[in-house]
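Note sheet for the following structure.
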Amino acid sequence: MLTSKVFVKKTKRGGVLKVVREHYLRDDITCGSQHCTKCDHNVNVETENSPETDIDSYNVGKSKTQPLVISPPSNSELCSSSHYVIPDTNVVLHQIDVLEDESLQNFIILQTVIDEVKHRSLPANKRLKDILANSSKHFYTFCNEYNSETYVEREPGESSNDRNDRAIRTAAKWYTNHLQEYEKDISIVLLTDDNDNRTKAKEAGIMSFTVHEYIKSLKNGGNLIDRLAWKSSAGTQQEGKLIYPEHIATSDILKGVKSGKYLQGSFMASRENYLEASVNVTESEKFVLIQGHQNLNRAVHSDIVAIEMLPEAEWSCPSSLVLEDTAQAEDDALEDDSKLKNKVPEHLRQPTGRVVGIIKRNWRQYCGILKPSLLKKGTKHLFVPAERRIPKIRIETRQAEDLATQRIIVAIDSWPRSSRYPQGHFVRKLGNIGDKGAENEVLLLEHDVPHQVFSEKVLSFLPKMPWSITKEDMKHRKDLRDIVVCSVDPPGCTDIDDALHCRLLDNGNYEVGVHIADVSHFIRPGTALDEEAANRGTTVYLTDKRIDMVPELLSSNLCSLRCDVERLAFTVIWEMTEDAKILNTSFTKSVINSKASLMYSEAQARIDDKTMNDELTLSLRGLNKLAKLLKQSRIDAGALCLASTEVRFQVDSETADPIDVQTKKLLETNSMVEEFMLLANISVAKKILEEFPNCALLRRHPSPPPSNFEPVIKAASSKGFIMDCSSNKNLAESLNKAEFDENPYFNTMLRIMTTRCMMQAVYFCSGMLPESEYVHYGLAAAIYTHFTSPIRRYSDIIVHRLLAVCIGADASYPDLLEKKKTQSLCNNLNYRHKMAQYAGRASVNLHTHLFFKTRVQDEDGYVLFVRKNALQVLIPKYGLEGTLYLNENKKSPTQFVYNEEQDTQTAGDVVFHVFDHVIIQLSIDRSNVQHLKLAINLVKPQIPGFSVAPASQVDGEKEKVGPPSKKARK
Amino acid sequence: MAGLELLSDQGFRIDGRRSHELRKIQCRLGVFKQADGSAYIEQGNTKVLAAVYGPHEVKGSRAKMLQDKVLVNCQYSMATFSTGERKRRPRGDRKSTEMTMHLKQTFDAAIITNLYPRSQIDIYVEVLQSDGGNYCASVNAATLALIDAGIPLKDYVCACSAGFVNDTPIVDISYLEESGGGPELIVTILPKSEQIVFLEQNSRLHEDNLSKVLDVASKGCKDIYAILDRAVRDHVSKVSNVANTTE
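In order, the protein sequences belong to chains X and C. For the first sequence, the positions run 6 to 975 when my numbering is used. For the second sequence, the positions run 2 to 248 when my numbering is used.
Dropping the structure here:
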């Protein structure tokens, strides 16, 4: 049943290498149509499911019914009979949005097409795979390259593209003939936008159309037309002035990168200035500045680009300008560049380059709204993405009036040289602008947070209710039900994943136990539940909503260590001396019965109340005492105390609009719980690394490069303080010393600035890095991991599993011990973690806007950064950072003068330094519906012609309701 | 796995095989007249020649002579032109010495050694073209050569490799599939008694999966056995026909 064919390939790896690979051509690949009686559709099913070889679970032929239905109804006016559709590679790549639509069914995707898609776009490949896996779409993969009748050999002089086109035509032809012999004809339609290919197909007797022709001919295809990507074919778009320089051909780029003429890197647009970007050069990890339309040359945020360095004389520096793209007409692109033109003093110059070509586009779908258009009836519109780093996108739609009030999703198709903006197409709508649901949806989509409800399949792996602890469960567990355990959490917390106990032993030492919810008992490896949790990676906390990582039954019930119920736990027990020296550590799975779920304030009250002397309170006092000692020793080792501004909104219970804001208060008990969680994490990290040196999941926090600290050092020295950033210990000490009587907020601001200098802490797999890089800089720990919040972090579940294997309470499974898989899991977790943080912040922003919708308020603020045309102001009360634009009004009598050396802005006799106190007025700028901007105006110090009059305070007092709270722990 | 998808969603490997399919095997016995036994085998693009001399008296130092059984002497080598880049391969480098040892162990166990005490059997194996599974092809070729030489064996000795990709075991892996760095299991068995003569594993494989991969590899060995057996029977009947007609 096999014929073999050997084909020869030349590949470049340093030199020319001849590669000989076998290529087997088969006669058992079926057409996948239910109509067909010629193919033996059962052949694969039988051989593969026979008892001796039950190996292959991958085959699509597993289900007995074939994917392509007998007589698909035809909606197309071009081809009125029943037909199957074969799209070519470009159609799949560019029109994947359309292909995803439910109404398009019975497509045949050729293997040639899949291979090409895989090479050219990973996201498209993934979406294609999803479509193919969806059985209701009736898509079939035909492995034409392995079929002896449809395989074509590349002819001498033929390019691989031509060969692939020919392979597609051959397969289409084969299908046409194959299905023609039946009574009820089924025709084959080849979709291709390539004129040449279409002509050749027609010559060969294959029905062939362009996608646009085909989709337009569909009777129910109305809304599909909008979703079609623009044709990038030559004829249509050539006219018009060419705005941008040409991109260099891929082969030249690769040559250039190799020879060092060009540099490769990822393109990161600036949030603040749409004419600036930096490129993170892959080889040297250095940032190169790119400025101006011509130099940015159509690169979009997160693309992989090739850049060329400019001569040193043309180097520039970030302009400190905060610029938004407000251009109305198409052609003022060139004028924009002049806004940036300035002479840059030599010592400030940074490496500057220009984009010469795009190596890989990383376009995704973007949320945003339509820009109100002057021509209401026109079909061409501008789309403004919510993400400021993405340029506006031109789309064509006939439902503009309908979409004007909606949040919509748009995908980019291309960016021709003659167009100022990239061209895209409409994908779908999310809901009304300003509607909280739609806004939250935007937020989640923009941050790539998976937030669908859990599928039936996932839920099927949950334990059946009513649930109770069985004998089987008790096998490897210690019974700790009689110990006085309690949990301490923020108010309103329903996912309690940790509890504590402490008791005095007979020998005078303390026994301290940390009990963590045993989530890994319920989430077994390899189940759909496990996969879903691994993909979500973390629970995301928005101001008014929590997006759970695991279904609610687990997160708020079975795994939550609530009081007075029996719960499974994973316990760490230390024996400690009175001065917090650890004598020994043990780990065990256990059953506990928490005696109390306290809030931080309740626990604090118990500790402070001298009259209470019950067992629980004594336990809390013991914990508190030990925690203080632990904290001191940690600080002595050089752990940092950094500040960030976190706020809580008090939300109206009915409208869910925020009423008041307050910054989070920190009590002694917060730090008490935190200390023991840190200790548990460190102890567990040591244990799992000892047992699994190659595949332990750990968390590291790299020490930042010294250059990161420059802004802090500069800012501190302006007030006469010297920062020593040479080690975490020195840094902590300098921060402690930097107190400034006139400005009580100075120290906090310095800590906030220091926080911004830090690197991201990341998860990693121990086998992938040298041991010297395991360090956690912020905590001053040699090794660290996450163990204490398995309900809301997937990393902890993995750590639980590793630890369970260590103590013999559970068996390992293949993926757990594979370092590559663990590392790729870590990468996903890091990504999700980062996105969850951003989403949380964006949610706070959203609520800030809602809060100020009805208010105009004067607040205290401090200058955090001085920019060329703006002051960055921090408002401690709301934890907000706002931009105060200067010199916007050119006619104003007072103009600000920027002093770059000293970082000051001067207007008349008023000088603004970093850390200066100001009073500002907050209100909402409604000039742009898309981005309700928080407008900031200066109240004090008064500058005639610039500052505004103080507002009368507006107060609203309503019922206070706590939003779902997040635990602020490391 | 960067770039290469060793097993597609449709269940095909890069060269178009399904996961349980062997490469095409072609073999011939008695390719040389001078040697006592010889064979040539092609498993896909891996091509191996084997020649067997003996049993004969022990050559070289008499100290090597064994009083109770035959001395099995193996030599494995790769032709300079066997890989993509031509490379001089002096005998006795680490890799071929190891392979030689493995072959010796394998055939020590399979040959009925006590029939020829104080004598020696030489097995020479030359890889003419290498495309993964060199050891397996060498064992299979040597088995055929031993049969051709008429040396009594406990059973055919069949070797087959297996890999593990996307949670699916794949049999008879090619060079491309080997070089992906995934786990590789090499199994040599005596097909009738299903006894394992030799087992080698590269890279890590979780114990839960071991039995699955082992089953697939053993199944591969049995499939190879069927092919080798047919080749031997064809050869024998051809030889006897020739003998009959000349008589």
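A virtual CB, placed ideally from N, CA and C, is assigned to each residue, including glycine.
- The continuous stretches of beta strand (DSSP E) do not include Gln609/X, which lies in the alpha helix (DSSP H) extending over residues 605-613.
- Your pair Ile173/X and Thr181/X does not check out as a contact, with CB atoms roughly 13 Å apart and the cut at 8 Å.
- For the 8 Å CB-CB criterion, Ala737/X and Leu628/X do not form a contact.
- By alpha-carbon distance to Ser271/X, the top candidate from Gln299/X, Lys365/X, Arg203/X, Thr384/X is Lys365/X.
- Close to chain C, meaning a Cβ-Cβ distance shorter than 8 Å, is no residue of the segment 90-114 of chain X at all.
- Residue Lys105/C holds the alpha-carbon nearest to the alpha-carbon of Cys75/C among Gly181/C, Thr169/C, Pro91/C, Lys105/C.
- The count of Cβ pairs closer than 8 Å, one atom from the segment 777-785 of chain X and one from the segment 805-815 of chain X, stays below three, leaving the stretches out of contact.
- Against chain C, a Cβ distance below 7 Å from Pro819/X picks out His207, Asp209, Asn210.
- Think of a sphere of 8 Å around the beta carbon of His28/X: the chain C residues whose beta carbon falls inside it are Asp16, Gly17, in chain order.
- The alpha-carbon separation between Asn733/X and Arg872/X amounts to approximately 29 Å.
- In terms of CA proximity to Pro118/C, Arg63/C leads the group His207/C, Val32/C, Lys88/C, Arg63/C.
- Here the alpha carbon of Val126/C sits roughly 33 Å from the alpha carbon of Arg31/X.
- Going by DSSP, Tyr136/C is part of the alpha helix (DSSP H) stretching over 135-150.
- Under a criterion of Cβ atoms nearer than 9 Å, the residues of chain C adjacent to Val24/X are, in order, Gly85, Leu177.
- For Asp94/C, the closest Cβ of chain X is not nearer than 8 Å.
- Within the same chain, and ignoring the five residues on either side of Lys636/X in sequence, the residues whose Cβ sits closer than 8 Å to its Cβ are Ser676, Glu680.
- Under the three-state reduction of DSSP, Leu891/X is assigned to coil, being neither helix nor strand.
- In this structure, Phe199/C sits away from Cys148/X, with a CB-CB distance that is not shorter than 8 Å.
- Taking 8 Å as the threshold, the shortest C-beta distance from Leu635/X to chain C does not fall below it.
- Per DSSP, the continuous alpha helix (DSSP H) segment holding Gly442/X begins and ends at 441-451.
- With contact defined as three or more Cβ pairs closer than 8 Å, the segment 17-24 of chain C and the segment 164-177 of chain C are in contact.
- Burial of Lys594/X is indicated by the presence of at least 16 other C-beta atoms within 10 angstroms of its C-beta.
- Shown here for Trp579/X: same chain residues with a beta carbon closer than 6 Å to its own, the five before and five after excluded, namely Val517, Ile587, Thr590 in chain order.
- For Leu822/X, the chain C residues whose Cβ falls inside 9 Å of its Cβ are Arg205, His207, in order along the chain.
- For Gly164/C, no chain X residue has a C-beta closer than 8 Å to its own C-beta; the minimum C-beta separation is roughly 12 Å.
- The beta carbon of Val804/X lies closer than 7 Å to those of Val689, Ile693, Leu702, Thr790, His791, Phe792 in the same chain, with the five residues before and after it left out.
- No Cβ of chain C is located within less than 8 Å of the beta carbon of Arg806/X.
- Residue burial is scored here from C-beta neighbours: Leu22/X has fewer than 16 other C-beta atoms within 10 angstroms and is therefore classed as exposed.
- Look at Tyr782/X: its C-beta is not under 8 Å from any C-beta on chain C.
- Taken through DSSP and simplified to helix, strand or coil, Thr674/X comes out as helix.
- At a cut-off of 8 Å between C-beta atoms, Asn141/C does not count as an interface residue with respect to chain X.
- Across the segment 43-54 of chain C, CB contacts with chain X closer than 7 Å involve Gly45, Asn46, in sequence order along the chain.
- Across the structure, Leu116/C and Gly164/C are spaced so that their CA atoms are roughly 38 Å apart.
- One finds nothing in chain C with a Cβ atom closer than 7 Å to the Cβ of Lys594/X; even the nearest lies about 21 Å away.
- Within chain C, the residues whose beta carbon sits less than 8 Å from that of Arg31/X are Gly17, listed in sequence order.
- By the rule that beta-carbons nearer than 8 Å mark a contact, Tyr151/X touches chain C.
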